[in-house]
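Q:
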Amino acid sequence: MGTTISRTDPRDRPYPNASQRRALAQAFGCARVVWNDCLRDRKQAHAAGLPYVTSTELSRLRITQAKRTEERAWLADVSAVVLQQSLRDLDAAYKNFFESLKGKRQGQKIGSPRYRSKKDTRQSIRLNTNAFSLTANGTVYVAKVGHLKVKWSRRLPAAPTSLTVTEESCGRYFLSFVVDTKPDVLPEAESETGIDLGLSAFAVLSDGTKIFSPRFLRRAEKKLKRLQRELSRKQKGSKNRAKARIKVARQHARVTDRRRDFHHQDSTQIIRDNQAVYVEDLAVSGLARTRLAKSVHDAGWSAFVRMLEYKAVKHGRTFAKVGRAFPSSQVCSACGFREGPKPLHVREWACGACGTVHDRDHNAARNILVEGRRIVAAGRAETQNASWSAGKTRTKVPAQRREAGSPRKGQPTQAGIPGL
Numbered sequence: 007m008g009t010t011i012s013r014t015d016p017r018d019r020p021y022p023n024a025s026q027r028r029a030l031a032q033a034f035g036c037a038r039v040v041w042n043d044c045l046r047d048r049k050q051a052h053a054a055g056l057p058y059v060t061s062t063e064l065s066r067l068r069i070t071q072a073k074r075t076e077e078r079a080w081l082a083d084v085s086a087v088v089l090q091q092s093l094r095d096l097d098a099a100y101k102n103f104f105e106s107l108k109g110k111r112q113g114q115k116i117g118s119p120r121y122r123s124k125k126d127t128r129q130s131i132r133l134n135t136n137a138f139s140l141t142a143n144g145t146v147y148v149a150k151v152g153h154l155k156v157k158w159s160r161r162l163p164a165a166p167t168s169l170t171v172t173e174e175s176c177g178r179y180f181l182s183f184v185v186d187t188k189p190d191v192l193p194e195a196e197s198e199t200g201i202d203l204g205l206s207a208f209a210v211l212s213d214g215t216k217i218f219s220p221r222f223l224r225r226a227e228k229k230l231k232r233l234q235r236e237l238s239r240k241q242k243g244s245k246n247r248a249k250a251r252i253k254v255a256r257q258h259a260r261v262t263d264r265r266r267d268f269h270h271q272d273s274t275q276i277i278r279d280n281q282a283v284y285v286e287d288l289a290v291s292g293l294a295r296t297r298l299a300k301s302v303h304d305a306g307w308s309a310f311v312r313m314l315e316y317k318a319v320k321h322g323r324t325f326a327k328v329g330r331a332f333p334s335s336q337v338c339s340a341c342g343f344r345e346g347p348k349p350l351h352v353r354e355w356a357c358g359a360c361g362t363v364h365d366r367d368h369n370a371a372r373n374i375l376v377e378g379r380r381i382v383a384a385g386r387a388e389t390q391n392a393s394w395s396a397g398k399t400r401t402k403v404p405a406q407r408r409e410a411g412s413p414r415k416g417q418p419t420q421a422g423i424p425g426l
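To convert a position in the sequence shown, counted from 1, into the numbering used here, add 6.
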């Protein structure tokens, strides 16, 4: 079986002290300045009709020579790896943008890179093995920051090749490691399932199982409204307003964590129980512009489907997406007769041909299962709509969207944490 590249779930939390927080804040700022300076040079060159500015030229102008100037001398206070990786991330952003323009990159169109702000909700730096290392006492050494105390979520399966340090708006820090691992293929299961995603029930499986939506944001709305009222009463620019803002951010982070944990538990259970999983490719971005926008965002369908996809690849399962144009709610799963469109308030209906009474969501899930099997049988499982297991195709496990980083060659670091 082929080797896969995966990211550890960024739940490893470092707890930097005051001086380390200042060093990390400086590193975040320097990486942001290098990104913005290089992006500005390329945009100005494009506007003037000049050739594309190469990474070598930007590295010389905006990193090496900038350190010798008075206005950018503080760039030398952080690790040079942080600055170089920021430039590499900009190159990757431009590469994805150009491939999206040319049609080489599948999926939604990607916009051009944008300037970064210190007011962004997430700040991050990326390091290769030359700028970080794992120690025997369970700490992580980061160049020009020091030894960070870490609360580990689990032992690393292999020596990491890259590290991303992230700070959220609520003041929490997280570590995300890139490691090379082998696919963890599960024993084959006999069952297959189709999944219909919805709002009244978060997911309905083709065997009739219903997963009810916890509605984490709706349940936290009362407390969020109170905290936001307190924030609006604070004077702008005051320390009390900064404290109130952090309280609001922490409450939003709790909602996000609970939703992510819910997605992880259910997606893992579905992948373990079924050899093949088929879901409908929903137009989430379009639904998020309707009156159901808050409920759609609260459900988090896209994150759940991404988890199903990368876990299917990792554990040797078959995963396929059924096109959004497929009329799963209009076709009778018993006889195949198509009834026609039905409004959302119709939760049960009787087939006009055979008289079978259907639950709307269960019927849709059964139709998705049949259509998913047809897609795989037709040999289109290697297209954008589907992916086979990593053990069979030697494909790389896709990283979770919120994680950053890519594998880099360098000196190997220690695998795992002996102190755990």
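For glycine and all other residues, C-beta sits at the position ideal for the given N, C-alpha and C.
Out of R256, R278, E236, state which residue places its alpha-carbon closest to the alpha-carbon of R247.
A: It is E236 whose Cα lies nearest to the Cα of R247.
Q: If we ignore side chains and look at the alpha-carbon of each, how far apart do D126 and A370 end up?
A: Cα-Cα distance, rounded: 40 Å.
Q: With the cut-off set at 7 Å, would you say Q281 and A195 are in Cβ contact?
A: Contact flag set, yes.
Q: DSSP beta-bridge partners for T215?
A: None, per the DSSP bridge assignment.
Q: Between the alpha carbons of L93 and E345, how many angstroms are there, rounded?
A: Rounded to whole angstroms, L93 to E345 spans 55 Å at the Cα level.
Q: Taking buried to mean at least 16 other C-beta atoms within 10 Å of its own C-beta, is S25 buried or exposed?
A: S25 should be labelled exposed.
Q: So what's D287 in DSSP terms, helix, strand or just coil?
A: The answer is coil: DSSP assigns D287 none of H, G, I, E or B.
Q: For F180, which of helix, strand or coil comes out of DSSP?
A: Correct three-state label for F180: strand.
Q: How many Å lie between Q271 and D263 at the Cα?
A: Cα to Cα, the separation comes out at about 12 Å.
Q: Give me the Cα-Cα distance between R297 and A51, rounded to the nearest whole angstrom.
A: Answer to the nearest angstrom: the Cα atoms are 43 Å apart.
Q: On the premise that A259 lies in contact with R178, defined as a C-beta separation below 8 Å, what is that separation, rounded to the nearest angstrom?
A: That pair is a contact at about 7 Å.
Q: R353 by DSSP, collapsed to three states: which one?
A: Coil.
Q: Please classify E63 as buried or exposed, where buried requires at least 16 other C-beta atoms within 10 Å of its C-beta.
A: So E63 counts as exposed.
Q: For the putative contact between R372 and S339, defined by C-beta atoms under 8 Å, what is the C-beta separation to the nearest angstrom?
A: Indeed, because the Cβ distance is near 4 Å, the residues count as touching under 8 Å.
Q: Going by the CB atoms, is the gap between V87 and N23 shorter than 7 Å?
A: The answer is no: Cβ separation not under 7 Å.
Q: Would you say the segment 75-84 touches the segment 35-45, given that touching needs at least three Cβ pairs under 8 Å?
A: Yes: at least three Cβ pairs fall under 8 Å.
Q: With DSSP as the reference, please indicate the residues paired to K132 in a beta bridge.
A: Checking the sequence, you will find Arg at residue 132 rather than Lys. In DSSP, R132 forms a bridge with T170.
Q: Which whole-angstrom value is the C-beta distance of L211 and S273, which I expect to be below 8 Å?
A: The Cβ separation is near 12 Å, so there is no contact.
Q: Please classify R122 as buried or exposed, where buried requires at least 16 other C-beta atoms within 10 Å of its C-beta.
A: By the neighbour-count rule (16 or more Cβ atoms within 10 Å), R122 is buried.
Q: R366 to F325, Cα distance in whole Å?
A: One C-alpha to the other measures close to 23 Å.
Q: Exposed or buried, which one is P20 when buried takes at least 16 other CB atoms within 10 Å?
A: That one is buried.
Q: How is E198 classed by DSSP in three states: helix, strand or coil?
A: Three-state DSSP puts E198 in a strand.
Q: Checking 7 Å against the spacing of the C-beta atoms, do R128 and T170 come in under that value?
A: Contact: no.
Q: Which residues share a DSSP beta bridge with L140?
A: Answer by DSSP bridge pairing, in chain order: V146.
Q: So what's K2 in DSSP terms, helix, strand or just coil?
A: What the structure shows of the chain is the stretch from 7 to 426, and residue 2 is not part of that stretch, so it cannot be assessed.
Q: According to DSSP, simplified to helix, strand and coil, what is G152?
A: In this structure, G152 counts as strand in the three-state DSSP scheme.
Q: Counting Cβ pairs closer than 8 Å, one from the segment 43-60 and one from the segment 160-175, do we hit at least three?
A: No, because fewer than three Cβ pairs between the segment 43-60 and the segment 160-175 fall closer than 8 Å, the two stretches do not touch.
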